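Remarks on the structure that follows.
Residue numbers (this note's numbering): 20 to 624.
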């Protein structure tokens with residue numbers, strides 16, 4: 020894991036001090052070493068977090084034998100030894116034992132098609148000095164970030180948006196479409212970024228930049244995975260997952276595992292413990308209905324793992340928030356980012372790498388939205404049932420408990436009448452589009468967001484739901500959260516579920532096996548922790564509704580007042596606040612989204 024940045028210009032490069040400033044912003048991503056390459060038209064910068072080959076030979080930027088190609092790389096290539104052996108057989112000479120060095124040699128052999136040979140998580144750029152061409156790419160699922168900005172004179176890129184803001188070509192103006200998308204989703208989707216002109220390279224995408232301009236190529240799309248609907252054996256998936264875990268245990272530093280006590284992390288912990296001793300890391304909450312730490316301790320005990328645990332109080336969250344919003348380079352309203360950051364900080368005090376369960380829900384139907392889609396389809400055919408449920412929802416009280424029935428039913432009814440690709444976003448929305456007008460913001464769905472949602476449309480609601488999870492929520496919420504929280508603490512997180520063999524296997528399953536993690540539960544049924552496979556789904560939720568009425572009330576008021584200064588109208592803010600404090604309606608998601616925007620604004624000024 021590292022931080023990368025660079026500029027290609029046909030009309031003069033920025034001063035060295037600008038490059039130094041950009042790299043300084045990325046220091047948390049790679050505190051172990053740094054390097055810069057510079058010629059008349061390109062400058063590449065790198066901040067290194069040493070994981071494989073800790074020696075100075077692993078310093079980047081790296082070159083090929085005759086120094087006509089230079090690369091900067093962030094991530095891990097899990098099949099790098101196979102690639103290296105093949106390249107050495109073709110006469111290529113290597114200077115280090117790192118995975119990053121294979122990139123320049125692979126490019127020599129296959130040019131832009133090199134990405135088809137890679138298995139891992141990555142964002143990289145290769146400067147072809149002879150052909151005056153920059154080639155850059157991002158991994159299939161979008162685990163590693165890549166931001167860029169183009170002009171007629173050139174291109175500038177970086178691992179994080181805040182690094183780009185130090186470049187003289189860029190002026191920080193809010194992108195209205197990105198802001199609307201954020202207030203609806205709680206994160207910024209697809210190619211959009213919060214700053215006008217800056218774009219994210221989409222997951223599974225590669226690009227070339229030359230004097231003739233920018234050309235993007237999508238080399239992988241989730242929707243192109245073959246769905247044969249076959250019934251597959253759980254043992255087959257277990258073997259594939261075991262290999263994925265084995266590949267992610269390769270490191271020249273100690274590797275740990277995040278353990279929540281849920282199905283995904285417990286399965287990964289079990290598979291990892293079968294291969295080598297491993298330490299587990301977990302956090303919990305003092306509020307019992309939100310705390311899963313007893314399950315994590317049970318799993319650790321049965322697997323013989325040493326577990327390092329911390330129970331969080333509201334004060335812990337409050338103390339962490341300034342650091343959280345410093346490392347999240349765009350507005351981000353998923354409140355679980357705060358405990359995730361604290362978990363990564365705890366883990367980084369002991370190990371440099373940790374395995375996680377990211378991707379299990381998205382690949383194997385772990386979210387309740389899949390079941391909700393089923394019932395919504397049924398309800399659309401019985402109008403009288405909809406009216407009955409709507410009346411019932413008016414009498415069900417909302418509470419501060421873990422997703423109370425009244426809250427869930429109201430959310431469900433909000434989206435029922437919409438097509439499946441829209442209703443799922445309305446169910447999970449932070450602020451409903453029609454309520455944006457109270458904040459002085461257009462109620463129109465942003466075109467960029469609608470285009471992504473349209474690409475997930477299918478005649479089968481199950482497929483629509485899976486595509487939305489994998490194309491939208493996974494790369495733009497879950498993986499952003501993992502990357503920023505871990506890199507903000509100078510550590511690396513690896514996700515075995517997102518191995519390309521696991522993704523391909525998942526896509527071929529019958530929907531019955533991809534619902535409610537049935538096949539994962541089948542794997543666990545013969546493990547020492549079989550009872551975990553019988554647990555109901557519990558998300559990594561934060562008791563924010565309660566805290567905004569209690570311990571975090573004054574803090575929330577301060578930042579809600581500040582958000583008015585950033586162009587949000589007071590009418591809507593006051594409405595959300597008064598309804599939440601009076602308990603007429605649970606508005607913590609709306610309030611937290613506005614607070615997150617305010618905190619992000621402060622972090623860039």
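All C-beta atoms, glycine included, are put in the ideal place defined by N, C-alpha and C.
Only a predicted model underlies this, so the values are computations on that prediction, with no experimental measurement involved.
Cβ pair residue i, residue j closer than 8 Å
{"i": "residue 342", "j": "residue 360", "result": "yes"}
{"i": "residue 159", "j": "residue 94", "result": "no"}
{"i": "residue 521", "j": "residue 398", "result": "no"}
{"i": "residue 41", "j": "residue 53", "result": "no"}
{"i": "residue 500", "j": "residue 356", "result": "yes"}
{"i": "residue 652", "j": "residue 68", "result": "Because the chain is modelled from 20 through 624, residue 652 falls outside the range shown and cannot be assessed."}
{"i": "residue 562", "j": "residue 304", "result": "yes"}
{"i": "residue 186", "j": "residue 33", "result": "yes"}
{"i": "residue 197", "j": "residue 178", "result": "no"}
{"i": "residue 173", "j": "residue 44", "result": "no"}
{"i": "residue 600", "j": "residue 241", "result": "no"}
{"i": "residue 473", "j": "residue 440", "result": "yes"}
{"i": "residue 188", "j": "residue 170", "result": "yes"}
{"i": "residue 508", "j": "residue 312", "result": "no"}
{"i": "residue 602", "j": "residue 384", "result": "no"}
{"i": "residue 233", "j": "residue 225", "result": "no"}
{"i": "residue 605", "j": "residue 426", "result": "yes"}
Cβ-based neighbour list, residue i, same chain, cut-off 7 Å, excluding 5 preceding and 5 following
{"i": "residue 609", "result": "449, 450, 595"}
{"i": "residue 133", "result": "125, 126"}
{"i": "residue 570", "result": "333"}
{"i": "residue 290", "result": "260, 261, 264"}
{"i": "residue 326", "result": "278, 299, 301, 315, 316, 319"}
{"i": "residue 80", "result": "54, 56, 63, 65, 89, 90, 91"}
{"i": "residue 295", "result": "268"}
{"i": "residue 176", "result": "24, 25, 144, 155, 165, 166, 167"}
{"i": "residue 578", "result": "614, 617, 618"}
{"i": "residue 288", "result": "276, 278, 299, 318, 322, 324"}
{"i": "residue 530", "result": "481"}
{"i": "residue 229", "result": "151, 152"}
Opposing strand residues paired with residue i [DSSP bridges]
{"i": "residue 65", "result": "23, 54"}
{"i": "residue 91", "result": "144"}
{"i": "residue 175", "result": "26, 168"}
{"i": "residue 224", "result": "237"}
{"i": "residue 372", "result": "274, 511"}
{"i": "residue 152", "result": "147"}
{"i": "residue 301", "result": "328"}
{"i": "residue 81", "result": "90"}
{"i": "residue 229", "result": "232"}
{"i": "residue 139", "result": "96"}
{"i": "residue 114", "result": "Answer by DSSP bridge pairing: none, since residue 114 is not bridged."}
{"i": "residue 219", "result": "166"}
{"i": "residue 193", "result": "214"}
{"i": "residue 157", "result": "142"}
Nearest neighbour of residue i, chosen from the options [CA to CA]
{"i": "residue 588", "options": "100, 508, 255, 459", "result": "459"}
{"i": "residue 428", "options": "457, 438, 395, 401", "result": "395"}
{"i": "residue 379", "options": "208, 539, 257", "result": "539"}
{"i": "residue 430", "options": "201, 339, 388", "result": "388"}
{"i": "residue 100", "options": "116, 85, 112", "result": "116"}
{"i": "residue 103", "options": "122, 86, 572", "result": "122"}
{"i": "residue 204", "options": "186, 469, 560, 624", "result": "469"}
{"i": "residue 252", "options": "240, 440, 542", "result": "542"}
{"i": "residue 597", "options": "512, 283, 347, 572", "result": "572"}
{"i": "residue 235", "options": "243, 210, 256, 244", "result": "210"}
{"i": "residue 135", "options": "519, 545, 254, 526", "result": "519"}
{"i": "residue 208", "options": "350, 225, 330", "result": "350"}
{"i": "residue 51", "options": "37, 292, 70", "result": "70"}
{"i": "residue 105", "options": "255, 535, 129", "result": "129"}
{"i": "residue 181", "options": "338, 37, 491, 496", "result": "37"}
{"i": "residue 161", "options": "555, 109, 581, 514", "result": "514"}
{"i": "residue 280", "options": "426, 568, 585, 549", "result": "549"}
{"i": "residue 485", "options": "243, 297, 331, 338", "result": "243"}
Cβ distance (whole Å) where residue i is taken to contact residue j below 8 Å
{"i": "residue 57", "j": "residue 465", "result": "Rounded, the Cβ-Cβ distance is 38 Å, inconsistent with contact."}
{"i": "residue 611", "j": "residue 352", "result": "6 Å"}
{"i": "residue 510", "j": "residue 363", "result": "6 Å"}
{"i": "residue 98", "j": "residue 138", "result": "4 Å"}
Sequence-distant residues of the same chain with beta carbon closer than 6 Å to residue i, five excluded per side
{"i": "residue 434", "result": "442, 445, 446"}
{"i": "residue 370", "result": "273, 275"}
{"i": "residue 477", "result": "483"}
{"i": "residue 376", "result": "283, 284, 287"}
{"i": "residue 192", "result": "215"}
Neighbour flag for residue i against chain C, beta carbons, 8 Å
{"i": "residue 189", "result": "This model lacks chain C altogether, as it is built from one protein chain only."}
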